[in-house]
Amino acid sequence: MIDQAPVLIIVIPLIFALLTPVVGLWRKSLCYFWILTALALSAAFSVTVFVKVLNTGTIHYNLGGWTPPWGIEYVIDHLNALMLVVVSAIALLTAVYSRKSIEKEFPNKKTAFYTVFLLQATGFLGIVITGDMFNLYVFLEISSLAGYALIAIGEDGALFAAFKYIIIGTIGASFYLIGVGYIYIMTGSLNMADIAALLQQVNNTSVIHIAFAFILAGLIIKMALFPMYIWMPDAYTKAPSASSALIAPLMTKISAYILVRVIFTIFKPEFITANLPVTKIMLWLGFAAIIYGAIMSIAQTDFKRMLCFIIVAEIGYIVGGIGLFNPTAIKGAILHILNDAVMTAGLFFIAGIVKYKTGFHNLTDFKDLFKKMPVTMGAFVIIALSVIGVPPTCGFFSKWYLIKGAIIGNAWPFAAALLFSSLVNVVLFFRIFEIGYGFDHGHDSGGHEELGSGSLISEAPATMLLPSMLVSLIIIFTGIYNQTIITNIIEHVTPNL
Amino acid sequence: MIDFIVTKYNYLFYIVLFLIGFYAIIVKKNLVKKVIGMNIMQTSIILFYVSIGCKKDGTLPILLDSDLHSHAIDAGKYLNPLPHVLMLTAIVVMVATLGVALAVLILMYKQYGTLEEDELLKRIK
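Chains as they are written, first to last, in this note's numbering: chain V, 1 to 497; chain Y, 1001 to 1125.
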């Protein structure tokens, strides 16, 4: 059973997803527990695999017993093992969280939602685990297609947002597919390790340069890096709370993970630095994304939309960190992929709770929430502090490594952009705290009576509260144990430059 | 130059088709036309992949019978079946994308009564 754990991580949610409509026909209310079972099993196997990788090193799993260059191979090294745990944990937490928000937002479409939800999780896990470039494309499309559907269920305007995402996402996937095709022409292989070995002989051909450019362009679209982020704010703002809590933290971060994979596993770092000015481009794109994301996030009045622009900036951190191309910055970028997935999930959980309680997700809807929902807002404060980058939380440490890397690499503008973005985050979140505590009484004189009647504590339902609290705990613990994560996991995958 | 065009024309067609699709996505204001453009773009990639596995006078990579002198044994003439098989998957992905896009379009038409981008943006707000 343990030997088969890598494939079970993928197969269990996939089969459960296909059976969800059947379960839904029988008892609609069972669907929730059905997908919880699937995701819990998947998470359990992810943890098993993670422990095994920590003890014995990289695991290779041949699907159907076909040996690697011909068959599809699952490769789990230290980086994906941790990614698998993070992805399956966030999927599980979001599934727990989804119950009440779905009942409120679209009670009739429960079965369909949960089917697509599981497919989405399958796609994410598959992207992370696979060691085959075409298989990665297939999983990328599974997760994207599921994502389009999950977003389209949302509020007014969600359909157009989903349509925009379909078109732009398909362009990104097509670019990736063309890149894989060019690599296939030159190497005749689709297995990542095999390609990495074969590429050494053909590194200097223009075909490989073009292949790399296509793959990079495709991934940049998928991860919503600055000039290509257009599809993202609308899609994640209009999506229902449960969908955006799953897609927003994971889709962009997993694309960043693919970028790390492509740059460090498939094309070796020597190729990146020797042939093309890629690192410089990435660094400056990251710089632009941080500045733009920070400025745009101040201008938003919608909480979810503000979070989307924070994601734009965070993707800038990651890509810029990789672009700095020194071990410290790369460590920071990889750590930030993991941290940011957790933090963004937490923020979207809070956004969903606010929507559940007030019906909207504008900044003004936070009014007096500290009085009404002290526990939820406590979790929110911890997550917000982590996004700002306050020491005991995990957000501080990845930012620390990134800034250190920027200083080592003499990239002062990038370091300045990181600090600027942190300051902007302070403004963003303390503005919300201020609204939440109800300090701005100047606007309406009737506020006091309203406050008197509304000061009763009405917390969010337990299924929504628990995931948010768990996320805030995870944030503190990964912050405290960040050194363990760095030395035991991330240093294994950081290349020697 | 002529030689290049004659021998590699399928790749040229792939590029032209890709650009036609891309152009439609960017320029056309009607959302159905955008979807058609998206589909043309994806189809062009299929043409590209199929071209990779193509060979003049090639045969299937199958042993025909026990007759060892059969022409299909000549390994040099075998076509690489892998790109074609990959494209079966890509076609499935393409159909699924088209299906989702059309479903979204139908819902949008029901809700807003138009599929012209300018009109739609006005009605959403």
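Built from N, CA and C at the ideal position, the CB exists for glycine as well. Bear in mind the structure is a predicted one, so any value in this text is a computation, not a measurement.
Who does residue i pair with in a DSSP beta bridge?
{"i": "residue 191 of chain V", "result": "V:132"}
{"i": "residue 302 of chain V", "result": "V:362"}
{"i": "residue 1059 of chain Y", "result": "Y:1078"}
{"i": "residue 75 of chain V", "result": "V:60"}
{"i": "residue 1030 of chain Y", "result": "Y:1116"}
Skipping 5 residues on each side, what residues in its chain have a beta carbon closer than 8 Å to that of residue i?
{"i": "residue 449 of chain V", "result": "Bear in mind that a pLDDT of 44 at residue 449 of chain V, under 50, signals an unreliable position, so the model cannot answer this."}
{"i": "residue 2 of chain V", "result": "48 and 52"}
{"i": "residue 303 of chain V", "result": "351, 354, 361, 362, 363, 365, 366 and 432"}
{"i": "residue 415 of chain V", "result": "403, 406 and 407"}
{"i": "residue 306 of chain V", "result": "297, 300, 363 and 428"}
{"i": "residue 1051 of chain Y", "result": "1010, 1011 and 1014"}
{"i": "residue 199 of chain V", "result": "183, 186, 187, 208, 266, 267, 268 and 271"}
{"i": "residue 1104 of chain Y", "result": "none"}
{"i": "residue 452 of chain V", "result": "Because the pLDDT at residue 452 of chain V is just 46, under 50, the model does not fix this residue reliably, and the value given afterwards should be weighed accordingly. Excluding positions up to five away in sequence, the list is empty."}
According to DSSP, simplified to helix, strand and coil, what is residue i?
{"i": "residue 167 of chain V", "result": "helix"}
{"i": "residue 213 of chain V", "result": "helix"}
{"i": "residue 491 of chain V", "result": "helix"}
{"i": "residue 451 of chain V", "result": "Here the model assigns residue 451 of chain V a pLDDT of 47, short of 50, so the residue's position is not dependable, and the following value carries that caveat. Looking at residue 451 of chain V - three-state DSSP - the assignment turns out to be helix."}
{"i": "residue 203 of chain V", "result": "coil"}
{"i": "residue 1007 of chain Y", "result": "helix"}
{"i": "residue 377 of chain V", "result": "helix"}
{"i": "residue 181 of chain V", "result": "helix"}
{"i": "residue 326 of chain V", "result": "coil"}
{"i": "residue 393 of chain V", "result": "coil"}
{"i": "residue 66 of chain V", "result": "coil"}
{"i": "residue 229 of chain V", "result": "coil"}
{"i": "residue 156 of chain V", "result": "coil"}
{"i": "residue 103 of chain V", "result": "helix"}
{"i": "residue 1106 of chain Y", "result": "helix"}
{"i": "residue 240 of chain V", "result": "coil"}
{"i": "residue 446 of chain V", "result": "Legend: pLDDT at residue 446 of chain V = 44, less than 50; position of this residue unreliable, no value from coordinates given."}
{"i": "residue 431 of chain V", "result": "helix"}
{"i": "residue 1046 of chain Y", "result": "helix"}
{"i": "residue 1017 of chain Y", "result": "helix"}
{"i": "residue 27 of chain V", "result": "coil"}
{"i": "residue 55 of chain V", "result": "helix"}
{"i": "residue 19 of chain V", "result": "helix"}
Ignore the nearest five residues each way along the sequence and tell me which others in residue i's own chain have a CB closer than 6 Å to its CB.
{"i": "residue 348 of chain V", "result": "244, 245 and 248"}
{"i": "residue 463 of chain V", "result": "96, 99 and 100"}
{"i": "residue 45 of chain V", "result": "5, 8 and 9"}
{"i": "residue 86 of chain V", "result": "338 and 341"}
{"i": "residue 114 of chain V", "result": "20, 31 and 35"}
{"i": "residue 1055 of chain Y", "result": "1079"}
{"i": "residue 77 of chain V", "result": "58"}
{"i": "residue 235 of chain V", "result": "151, 161 and 165"}
{"i": "residue 219 of chain V", "result": "255, 258 and 259"}
{"i": "residue 495 of chain V", "result": "264 and 269"}
Within its chain, find whatever has a CB closer than 7 Å to the CB of residue i; leave out the 5 residues flanking it on each side and keep chain order.
{"i": "residue 178 of chain V", "result": "214"}
{"i": "residue 1116 of chain Y", "result": "1029 and 1030"}
{"i": "residue 43 of chain V", "result": "88, 89 and 92"}
{"i": "residue 1080 of chain Y", "result": "1053"}
{"i": "residue 382 of chain V", "result": "393, 472, 475 and 476"}
{"i": "residue 253 of chain V", "result": "337, 340 and 341"}
{"i": "residue 465 of chain V", "result": "375, 376 and 459"}
{"i": "residue 1046 of chain Y", "result": "1087, 1090 and 1091"}
Would the stretch 306-325 of chain V count as touching the stretch 338-349 of chain V if we require 3 or more Cβ pairs under 8 Å? By the Cβ criterion, the stretch 306-325 of chain V is in contact with the stretch 338-349 of chain V, since at least three pairs of Cβ atoms, one from each stretch, lie closer than 8 Å.
Can you find at least 3 beta carbon pairs, one from the stretch 156-170 of chain V and one from the stretch 1096-1108 of chain Y, that sit closer than 8 Å? Segments in contact, yes.
So does the stretch 113-133 of chain V actually touch the stretch 1081-1095 of chain Y, counting three or more Cβ pairs closer than 8 Å? Judged by Cβ distances under 8 Å, the stretch 113-133 of chain V makes no contact with the stretch 1081-1095 of chain Y, as fewer than three pairs qualify.
Are there three or more Cβ pairs, one per stretch, closer than 8 Å when the stretch 364-376 of chain V is compared with the stretch 464-475 of chain V? Yes, since at least three Cβ pairs between the stretch 364-376 of chain V and the stretch 464-475 of chain V fall closer than 8 Å, the two stretches touch.
Three Cβ pairs or more, each shorter than 8 Å: is that satisfied between the stretch 143-161 of chain V and the stretch 237-257 of chain V? Yes, the stretch 143-161 of chain V is in contact with the stretch 237-257 of chain V.
Which whole runs of the alpha helix (DSSP H) in the stretch 261-323 of chain V are 4 residues long or more, in chain order? Counting whole runs of 4 or more residues, the stretch 261-323 of chain V contains the alpha helix (DSSP H) stretches 269-275 and 278-298.
Across the stretch 273-282 of chain V and the stretch 388-408 of chain V, are there enough close Cβ pairs to call them in contact, namely three or more that are closer than 8 Å? The stretch 273-282 of chain V, when compared against the stretch 388-408 of chain V, does not touch it at the 8 Å Cβ threshold.
Are the stretch 287-296 of chain V and the stretch 250-263 of chain V touching, with three or more C-beta to C-beta distances below 8 Å? The stretch 287-296 of chain V vs the stretch 250-263 of chain V: no contact.
Between the stretch 319-334 of chain V and the stretch 400-412 of chain V, can you find at least three pairs of beta-carbon atoms closer than 8 Å? Yes: the two stretches touch, three or more of their Cβ pairs being nearer than 8 Å.
Is it the case that the stretch 5-17 of chain V contacts the stretch 30-45 of chain V, given that we only count it when at least three CB pairs across the two stretches are under 8 Å? The stretch 30-45 of chain V, when compared against the stretch 5-17 of chain V, does touch it at the 8 Å Cβ threshold.
At a cut of 8 Å, does the stretch 182-200 of chain V reach the stretch 227-240 of chain V through at least three beta carbon pairs? The stretch 182-200 of chain V is not in contact with the stretch 227-240 of chain V.
Do three or more CB pairs link the stretch 53-73 of chain V to the stretch 18-33 of chain V at distances below 8 Å? With the cut-off at 8 Å, the stretch 53-73 of chain V and the stretch 18-33 of chain V do not touch.
Please determine if the stretch 153-167 of chain V and the stretch 219-228 of chain V are in contact, where contact requires at least 3 C-beta pairs separated by less than 8 Å. Result no; under three Cβ-Cβ pairs closer than 8 Å.
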